[in-house]
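Structure record follows, encoded as C-alpha cells.
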Amino acid sequence: MTVSRRGHRFSRRGIGAKTEAGFVAGISIRFWGVRGSIPCPTPRHVGFGGNTSCIEVQAAGQTLILDAGTGLRELGQTLLERGVAQATLLLTHTHWDHICGFPFFLPAYRPSFELNVMAGHLVGEVGVQQVLEGQMAQPMFPVPLDNLQAKMTFEDFKAGDAFDIGGLRVRTAGLNHPNGATGYRLEVDGASLCYVTDTEHVAGTRDEAILGLIDGADLVVYDSTYTDEEFEAHVGWGHSTWEEGVRLCREAGVKRLAIFHHDPDHEDAFMKDVERKAHDTWDGATVAREGDVVNLPGTDQASSSAAGTSKP
Ligand SMILES: [Zn+2]
Ligand SMILES: [Zn+2]
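Quick note: the sequence shown uses the numbering used here, first residue 62, plus one each step.
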C-alpha cells in the first residue's frame, strides 16, 4: 500500500498508476467527499474537506463510484476531462448525504456516457430508479431523471449478495442503519477494499456481518461519525465511532482503516485531535481527507516499496 512519508496521512496524488496493459494495478481510490450528514464548506472544515460521501475507485479497467454525495460533482468533471465513458455507481443507501451530488453529475447529461447505478437496500421496495426520480422530481429539481441523456441502468440487489463487475469481485453485507444500508468489499489482483458506512454498532459487541465482510482486507473505509465518548448520546442515530473501527479492523486482521463520514460538527481542530489519538491507538488508522489517494497494489503487483504502512 502506498502511503505518504508523513506517516499516518494518505497520499495526495497518484490515482491510477497504470500497468503495461494500461490498467490501474490492483485498486486505486480517491476520496472526493469524506463528510457525513450535510456538506460543510467553511474555512473551519477545509483541512479535511466539506463535501459529503463520494469515493472514486479505479480497478480492473473499471471506474466505480462509491456513493453520490456532493463530492460527485467535481469527480464528474474530471471523468469527462479524462475521457472516461463508463462508470458504475454503487450506493450504500439513499439518504441525502449519499445522493445529493447525483443531479450535478455532468457525465449523466452526456449521451456518450454509460452509467450503471446499483443499490442493495431497496429490493422489494420502491427501487433505486424510483428514489432517484423522486429526488429530481419537480418542484425540487428542474430537470427530471428522464431527461438525462446518458445510457443508464438501475439495478437493485439484496444486501448480502455477491456479484462481478468486469474483473472485479464485489461482496456485500447489510448494515445497521435506519432505512438500511449496504457495505461493500471489492477485490481484484489480491487487493481488497471495503466501504462500510453508514452503520451503528452495539457497544461491547462486534458486528459479525461486518467482521466477515472486512476479514483480512487491505483497507476499510468505516463510518466514524462519532467518538466513543459521544456515542452514548447518539445511540439509535445509525452511526459508529473511529474507536469501533479500530476494534473491528484489529479483530478482522485488516491492514489499514480510513476514518470516514466525519460529523459536520467536527471541525479541523477536532479532526486533527482524532487523527493523533487514532494513530496513537493503532498505527493502521488514518483520517480520510478530501483529495486523499490510496493505491492498493494487491499481491499480484506488490513490491517492497508498496507494501505495508510507513511509520512516522
Ligand atoms: Zn451518511
Ligand atoms: Zn445514512
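Glycine included, each C-beta is placed from N, C-alpha and C at the ideal position.
Would you say the beta carbon of residue i is closer than 7 Å to some non-hydrogen atom of ligand 1?
i, result
"Asp259", "yes"
"His295", "no"
"Gly306", "no"
"Ser285", "no"
"His159", "yes"
"Gly97", "yes"
"His322", "yes"
Would the beta-carbon of residue i be found less than 7 Å away from any heavy atom of ligand 2?
i, result
"Ala169", "no"
"Ala242", "yes"
"His156", "yes"
"His238", "yes"
"Gly299", "yes"
Tell me whether residue i is buried or exposed, calling it buried when 16 or more other Cβ atoms sit within 10 Å of its Cβ.
i, result
"Asp222", "exposed"
"Asp341", "exposed"
"Glu290", "exposed"
"Phe224", "exposed"
"Thr214", "exposed"
"Met201", "exposed"
"Trp157", "exposed"
"Val355", "buried"
"Ala368", "Any reading at Ala368 must be qualified, since the residue scores a pLDDT of 37, below 50, and its modelled position is unreliable; the value itself is stated next. So Ala368 counts as exposed."
"Lys372", "Here the model assigns Lys372 a pLDDT of 32, short of 50, so the residue's position is not dependable and the matter cannot be decided."
"Val282", "buried"
"Gly277", "exposed"
"Gly228", "exposed"
"Pro239", "exposed"
"Val307", "buried"
"Asp207", "exposed"
"Val187", "exposed"
"Val178", "buried"
"Glu312", "exposed"
"Ser366", "Low per-residue confidence applies at Ser366: pLDDT is 37, beneath 50, and the placement is therefore not dependable, though the value from the model is reported in the following sentence. When all chains shown are included, Ser366 counts as exposed."
"Glu248", "buried"
"Ala349", "buried"
"Thr153", "buried"
"Pro203", "exposed"
"Thr360", "exposed"
"Glu142", "exposed"
"Asp259", "buried"
"Asp326", "exposed"
"Gly87", "buried"
Does the beta-carbon distance from residue i to residue j come in below 8 Å?
i, j, result
"Ser89", "Gln119", "yes"
"Gly185", "Ala220", "no"
"Leu125", "Ile226", "yes"
"Gln138", "Leu167", "yes"
"Leu309", "Leu272", "yes"
"Thr286", "Asp324", "yes"
"His106", "Glu336", "no"
"Gln196", "Pro205", "no"
"Ala146", "Ser114", "no"
"Glu269", "Thr288", "no"
"Ile110", "Glu351", "The amino acid occupying residue 110 in the given sequence is Gly; Ile does not appear at that position. Yes; because the gap between Cβ atoms is below 8 Å, this pair is in contact."
"Leu140", "Ala129", "no"
"Val95", "Phe331", "no"
"Ala319", "Phe292", "no"
"Gly241", "Ala234", "no"
Ligand 4 and residue i: does the residue's C-beta get closer than 7 Å to at least one heavy atom of that ligand?
i, result
"Ser114", "Among the ligands in the structure shown, ligand 4 does not appear; only ligand 1 and ligand 2 can be found there."
Length-filtered (3 minimum) beta strand (DSSP E) runs lying within the segment 260 to 344: DSSP runs (the beta strand (DSSP E)) wholly in the segment 260 to 344: 280 to 284, 317 to 321.
Length at least 3, wholly inside the segment 188 to 252: the beta strand (DSSP E) runs in chain order: 212 to 217, 223 to 226, 229 to 236, 242 to 249
Start-end ranges of the beta strand (DSSP E) lying completely within the segment 136 to 182, minimum 3 residues: 147 to 152, 175 to 180
Whole beta strand (DSSP E) elements within the segment 94 to 139, 3-residue minimum: 115 to 120, 123 to 127
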